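Numbering-wise (the UniProt record's numbering), the sequence shown opens with residue 1 and increments by one.
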Amino acid sequence: MQDFTFHRAESVADAVAKLRARPEGKLLGGGQSLIPVMKLGLAAPTDVVSLAGLAELRGVRVEGKELVIGAATTHADVADSAEVRGAIPALADLAAHIGDPQVRNRGTLGGSLAHNDPAADYPAAVLALGATIVTDRRRIPADAWFQGLFATALEPDEVIVAVRFPIPEKAAYAKLPHPASKFALVGVMVAKGPAGVRVAVTGAGAGVFRAEALERALAARFAPDALAGSAVPADGLTSDPFGSAEYRAHLVGVLARRAVAACGQGGGGP
Ligand SMILES: Cc1cc2nc3c(=O)[nH]c(=O)nc-3n(C[C@H](O)[C@H](O)[C@H](O)COP(=O)(O)OP(=O)(O)OC[C@H]3O[C@@H](n4cnc5c(N)ncnc54)[C@H](O)[C@@H]3O)c2cc1C
Numbered sequence: 001m002q003d004f005t006f007h008r009a010e011s012v013a014d015a016v017a018k019l020r021a022r023p024e025g026k027l028l029g030g031g032q033s034l035i036p037v038m039k040l041g042l043a044a045p046t047d048v049v050s051l052a053g054l055a056e057l058r059g060v061r062v063e064g065k066e067l068v069i070g071a072a073t074t075h076a077d078v079a080d081s082a083e084v085r086g087a088i089p090a091l092a093d094l095a096a097h098i099g100d101p102q103v104r105n106r107g108t109l110g111g112s113l114a115h116n117d118p119a120a121d122y123p124a125a126v127l128a129l130g131a132t133i134v135t136d137r138r139r140i141p142a143d144a145w146f147q148g149l150f151a152t153a154l155e156p157d158e159v160i161v162a163v164r165f166p167i168p169e170k171a172a173y174a175k176l177p178h179p180a181s182k183f184a185l186v187g188v189m190v191a192k193g194p195a196g197v198r199v200a201v202t203g204a205g206a207g208v209f210r211a212e213a214l215e216r217a218l219a220a221r222f223a224p225d226a227l228a229g230s231a232v233p234a235d236g237l238t239s240d241p242f243g244s245a246e247y248r249a250h251l252v253g254v255l256a257r258r259a260v261a262a263c264g265q266g267g268g269g270p
């Protein structure tokens, strides 16, 4: 790994200023994706600006009809939060099944969304729930955030501050985890909320995507067997040693039905 200079941000504005002064620098959340990427030599920032000390970026609160989670809130804190469990139990369960305890105690919501791994769990929740990503300068709807493989709407000097989740009527997440990393071989989040029925799929392609055929079927009738005639085409899905595109397409249907059934039992997952 290339040498780098470590900086501790004093505030969000300070993090932005430090990044602007160091164009080859990177923010550091929990380091659970950036450090492995640096060890592999796939990123070589000259400077790393840590957000870890910023209390303003951590925590969970309910504001009216929205659940607001600070970007530096760890997966473990989301999983353990009574506010999250009360408002969107599926989100607490999703966080509880990310990686292992070490990853959950260091990794953060903002880091996961900025990294946008095609098999990450949070992107499915953010897209299905129609969440809004709040940065130091703007609010970005989930539909505009995810832009393909490891790509997002984030600017190089922009800091994610929080994510605002509309509280759904019901939601559930179902995933088949990779047996070693626990990343989603396929994960499906189903939500019925203010924006209607939304179904988001992670792990199956180059990035998280909405399954519109499944959404239409569930909008007509919200029940597992309503998905019987709907499918996601295998064309363009990921084929790798862990599963073919056809297998992943099949899993999308199976997991979507499981998620809808879990919605009927009060939500949850995976
Ligand atoms: C063994 C292992 C297993 C894992 N299993 C899973 C799993 O099952 N499911 C899953 O979803 N994930 C999994 N992960 C990934 C994990 O969830 C990471 O925590 C997450 O992807 C990145 O969060 P982080 O806070 O560690 O970010 P970092 O690694 O610190 O940063 C990642 C990227 O985000 C940027 N960044 C960080 N914070 C911000 C911010 N506030 N604003 C703007 N940019 C920011 C950084 O500059 C960097 O580009 C696993 C990781 C490991 C190592």
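Just so it is clear, CB atoms sit at the ideal spot from N, CA and C, and this is done for glycine as well.
The model shown is predicted, which means the values in this text are computed figures rather than measured ones.
- Look at Tyr173: its beta carbon is at least 7 Å from all of the heavy atoms in ligand 1.
- Going by C-alpha positions, Pro168 is about 22 Å away from Thr74.
- Taking all protein chains shown into account, Phe6 has fewer than 16 neighbouring C-beta atoms within 10 Å of its C-beta and is therefore exposed.
- Close to ligand 1, as judged by a C-beta nearer than 5 Å to any of its heavy atoms, are the residues Lys26, Leu27, Leu28, Gly29, Gly30, Gly31, Gln32, Ser33, Leu34, Ala71, Ile98, Gly99, Val103, Gly107, Thr108, Gly110, Gly111, Ser112, Ala114, His115, Ala120, Asp121, Val159, Ile160, Ser181, Lys182, Phe183, in chain order.
- By the C-beta criterion, the stretch 16 to 28 is judged not to be in contact with the stretch 62 to 77, since fewer than 3 inter-stretch pairs fall below 8 Å.
- Counting the other Cβ atoms within 10 Å of the Cβ of Glu215 gives 16 or more, which makes it buried.
- Rounded to the nearest angstrom, the gap between the Cα atoms of Gly236 and Arg8 is 41 Å.
- Non-local C-beta neighbours of Thr108 in its own chain, meaning closer than 7 Å and more than five positions away in sequence, comprise Gly29, Gly30, Ala71, Ala72, Thr73, Thr74, ordered along the chain.
- In the three-state scheme derived from DSSP, where H, G and I count as helix and E and B as strand, Gly243 is classed as strand.
- For the stretch 14 to 78, the full-length alpha helix (DSSP H) segments reaching 4 residues or more read 34 to 39 along the chain.
- If you look at Arg85, you'll find it in the alpha helix (DSSP H) that goes 82 to 87.
- Under the three-state reduction of DSSP output, Leu176 falls in the strand class.
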